[in-house]
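Undergrad: Counting from 1, position 253 in the sequence shown corresponds to residue 690 in this note's numbering; the numbering is continuous, with no gaps. Before I ask anything, here is the structure I am working with.
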Amino acid sequence: MPSRKATSGRSQSPRQRFAEELRILRAERGETLRQLGDALGWDWALFGRLEKGESLGGADVAEALDQHYGTKGGLTALWELALADPSQFKPQYRRYMLLEALAVNMWHFAVGLLPGLLQTKEYATEVLTAGGISGQDLDQQVEARVSRAELLTLDGDTHFRTILSEAVLTTPLNDPGAWRRQLEHLLAMSDLPNVSVQVLRQAEGIHGLTNTDTMFLRSPEDTTVAWVETGYAGYLVEERSAVNRLWFAYDSVRDLALSPGESRTFILRKLEEMSCDTTSST
Numbered sequence: 438m439p440s441r442k443a444t445s446g447r448s449q450s451p452r453q454r455f456a457e458e459l460r461i462l463r464a465e466r467g468e469t470l471r472q473l474g475d476a477l478g479w480d481w482a483l484f485g486r487l488e489k490g491e492s493l494g495g496a497d498v499a500e501a502l503d504q505h506y507g508t509k510g511g512l513t514a515l516w517e518l519a520l521a522d523p524s525q526f527k528p529q530y531r532r533y534m535l536l537e538a539l540a541v542n543m544w545h546f547a548v549g550l551l552p553g554l555l556q557t558k559e560y561a562t563e564v565l566t567a568g569g570i571s572g573q574d575l576d577q578q579v580e581a582r583v584s585r586a587e588l589l590t591l592d593g594d595t596h597f598r599t600i601l602s603e604a605v606l607t608t609p610l611n612d613p614g615a616w617r618r619q620l621e622h623l624l625a626m627s628d629l630p631n632v633s634v635q636v637l638r639q640a641e642g643i644h645g646l647t648n649t650d651t652m653f654l655r656s657p658e659d660t661t662v663a664w665v666e667t668g669y670a671g672y673l674v675e676e677r678s679a680v681n682r683l684w685f686a687y688d689s690v691r692d693l694a695l696s697p698g699e700s701r702t703f704i705l706r707k708l709e710e711m712s713c714d715t716t717s718s719t
């Protein structure tokens, strides 16, 4: 039997459907964006970006809109679908993003940059700009990257461990204030019960992942795949023996890394050094 075609005329893209529903609901209320912003206590421009599909906002925004429109969780459900929609990412990353959204455990090693799941908007903007992205594409990619943190904060069911090469924490942003906020955000995320952050000191020398950013994703079905990335390309590793070889290297790196407690102290020291530098320069 042929599949039934959609007849509602509504968009089939989760992100665009969420934006479309917001436009329809506001029009039915006869509200302006400013009136909506005043009613909910957010800048009206946020709701303009939501209705254009340029932003998804956070779970708190979706829940507030549900209450405002009396949609009984319908908008939050659409928001969750949009958040997990891989089409918001570049084509070469979409399968990975789909697997990431479904993963119950994630283990990561960073060579030179913080993982996207722990980046602030300012950090993501500088990284993506350095990669040659600009304009509306930059805004959309930053929003997509930052919104992925909801995987860790929404319900806490996904467990994430990252091991950061010391170089990650000694490569600041151009704006010292933005770099401080990123380090503070990293510490706040590490406080979550489902997030572990470890630091690998440069003094530990060369190891099996010296030049390889790696993310392992374990599915609810207990299968594990790996994503390996350089500064210019990334690829998914699914063949079991290849995943096992990468895991052995990761396990060896974890043995060399500082404990989560020691790593927190290391990051706090970086923040204190920034304060000292600021004081000495004034």
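All C-beta atoms in this analysis are idealised placements derived from N, C-alpha and C, irrespective of residue type, glycine included. Remember, predicted model here, so these are calculated numbers, not experimental data.
(1) Since residue 605 contacts residue 554 with CB under 8 Å, what's their CB separation in whole angstroms?
(2) Kindly confirm or deny that the segment 680–689 and the segment 578–585 touch, where touching means at least three C-beta pairs closer than 8 Å.
(3) Roughly how many whole angstroms lie between the Cα atoms of residue 547 and residue 586?
(4) In the DSSP assignment, find the unbroken beta strand (DSSP E) run with residue 639 in it and report its ends.
(5) Quick check on the DSSP output: the alpha helix (DSSP H) that includes residue 476 runs from which residue to which?
(6) Under DSSP, the alpha helix (DSSP H) around residue 696 begins and ends at which residues?
(7) Excluding five sequence neighbours on each side, which residues of the same chain lie with their C-beta closer than 7 Å to the C-beta of residue 489?
(8) Enumerate in chain order the residues of its own chain whose CB-to-CB distance from residue 564 is below 8 Å, with the five nearest sequence positions on each side excluded.
(9) Return helix, strand or coil for residue 661, following the three-state DSSP convention.
(10) Just the C-alpha distance for residue 657 and residue 462, rounded to the nearest angstrom, thanks.
(11) Excluding the five sequence neighbours on either side, which residues of its own chain have a C-beta within less than 6 Å of the C-beta of residue 444, listed in chain order?
(12) Would you call residue 494 buried or exposed, if buried means 16 or more other Cβ atoms sit within 10 Å of its Cβ?
(13) Restricting to Cα atoms, I'd like to know which of 538, 595, 567 and 641 is closest to residue 517.
(14) Using the C-alpha atoms, what's the distance from residue 692 back to residue 573?
(15) Could you tell me if residue 613 is buried or exposed, where buried requires 16 or more neighbouring beta carbons within 10 angstroms of its beta carbon?
(16) Taking only the alpha-carbon atoms, compute the straight-line gap between residue 706 and residue 639 and give it to the nearest angstrom.
(17) According to DSSP, simplified to helix, strand and coil, what is residue 488?
(18) Tell me whether residue 557, by its Cβ, gets closer than 7 Å to a heavy atom of the ligand MG.
(19) Find the nearest neighbour of residue 459 within the set 486, 543, 520 and 571, judged by alpha-carbon distance.
(20) Which residue's Cα is closest to the Cα of residue 681: 542, 699, 661 and 561?
(21) Between which two residues does the alpha helix (DSSP H) holding residue 671 run?
(22) Using only alpha-carbon positions, find the residue among 713, 503, 464 and 700 that is nearest to residue 634.
(23) Rounded to whole angstroms, what is the Cα-Cα separation between residue 702 and residue 506?
TA: According to the structure shown:
(1) Within the sequence shown, residue 605 is the residue found at index 168, counting from 1. Within the sequence shown, residue 554 is the residue found at index 117, counting from 1. The pair is not a contact, with the Cβ atoms about 14 Å apart (cut-off 8 Å).
(2) no
(3) In the sequence shown, counting from the first residue as 1, residue 547 sits at position 110. In the sequence shown, counting from the first residue as 1, residue 586 sits at position 149. Cα-Cα distance, rounded: 17 Å.
(4) By one-based count along the sequence shown, residue 639 stands at place 202. Element bounds for residue 639: n/a, residue is neither H nor E.
(5) Here residue 476 is taken as the residue at index 39 of the sequence shown, counted from 1. 470–477 is the extent of the alpha helix (DSSP H) around residue 476.
(6) In the sequence shown, counting from the first residue as 1, residue 696 sits at position 259. Element bounds for residue 696: n/a, residue is neither H nor E.
(7) Start at 1 with the first residue of the sequence shown, and residue 489 comes out as number 52. Hits under 7 Å: 456.
(8) On the sequence shown, residue 564 is found 127 positions in, with the first residue counted as 1. Hits under 8 Å: 550 and 556.
(9) Here residue 661 refers to the residue found at position 224 of the sequence shown. Reduced to three states, the DSSP call for residue 661 is strand.
(10) As a working note, residue 657 is residue 220 in the sequence shown. As a working note, residue 462 is residue 25 in the sequence shown. Roughly 36 Å separates the two Cα atoms.
(11) Indexing the sequence shown from 1 puts residue 444 at position 7. At residue 444, the pLDDT of 48 sits below 50, so the modelled position is not reliable and the matter cannot be decided from this model.
(12) By one-based count along the sequence shown, residue 494 stands at place 57. By the neighbour-count rule (16 or more Cβ atoms within 10 Å), residue 494 is buried.
(13) Translated into positions along the sequence shown, residue 517 becomes position 80. The shortest C-alpha separation from residue 517 is found at 538.
(14) Stepping through the sequence shown from its first residue, residue 573 is reached at position 136. Stepping through the sequence shown from its first residue, residue 692 is reached at position 255. If you take the alpha carbons of residue 573 and residue 692, they lie about 42 Å apart.
(15) Reading the sequence shown from its first residue, position 176 is the one you call residue 613. Result: exposed.
(16) By 1-based counting over the sequence shown, the position of residue 706 is 269. By 1-based counting over the sequence shown, the position of residue 639 is 202. One C-alpha to the other measures close to 16 Å.
(17) Here residue 488 corresponds to residue number 51 of the sequence shown, with the count starting at 1. Residue state, collapsed to three classes: helix.
(18) Absence of the ligand MG is noted for the structure shown, with no ligands found whatsoever.
(19) Taking the sequence shown and counting its residues from 1, the one referred to as residue 459 is at position 22. Ranking the options by Cα distance to residue 459, first place goes to 486.
(20) Residue numbering aside, residue 681 sits at position 244 when the sequence shown is read from its first letter. Checked all of 542, 699, 661 and 561; the closest Cα to residue 681 is 661.
(21) Residue numbering aside, residue 671 sits at position 234 when the sequence shown is read from its first letter. Careful: residue 671 lies outside any alpha helix (DSSP H), inside the beta strand (DSSP E) at 671–674.
(22) Taking the first residue of the sequence shown as 1, we reach residue 634 at position 197. Cα-wise, what sits closest to residue 634 is 700.
(23) Walking along the sequence shown from the start, residue 702 turns up at place 265. Walking along the sequence shown from the start, residue 506 turns up at place 69. Taking the straight line from one Cα to the other gives about 46 Å.
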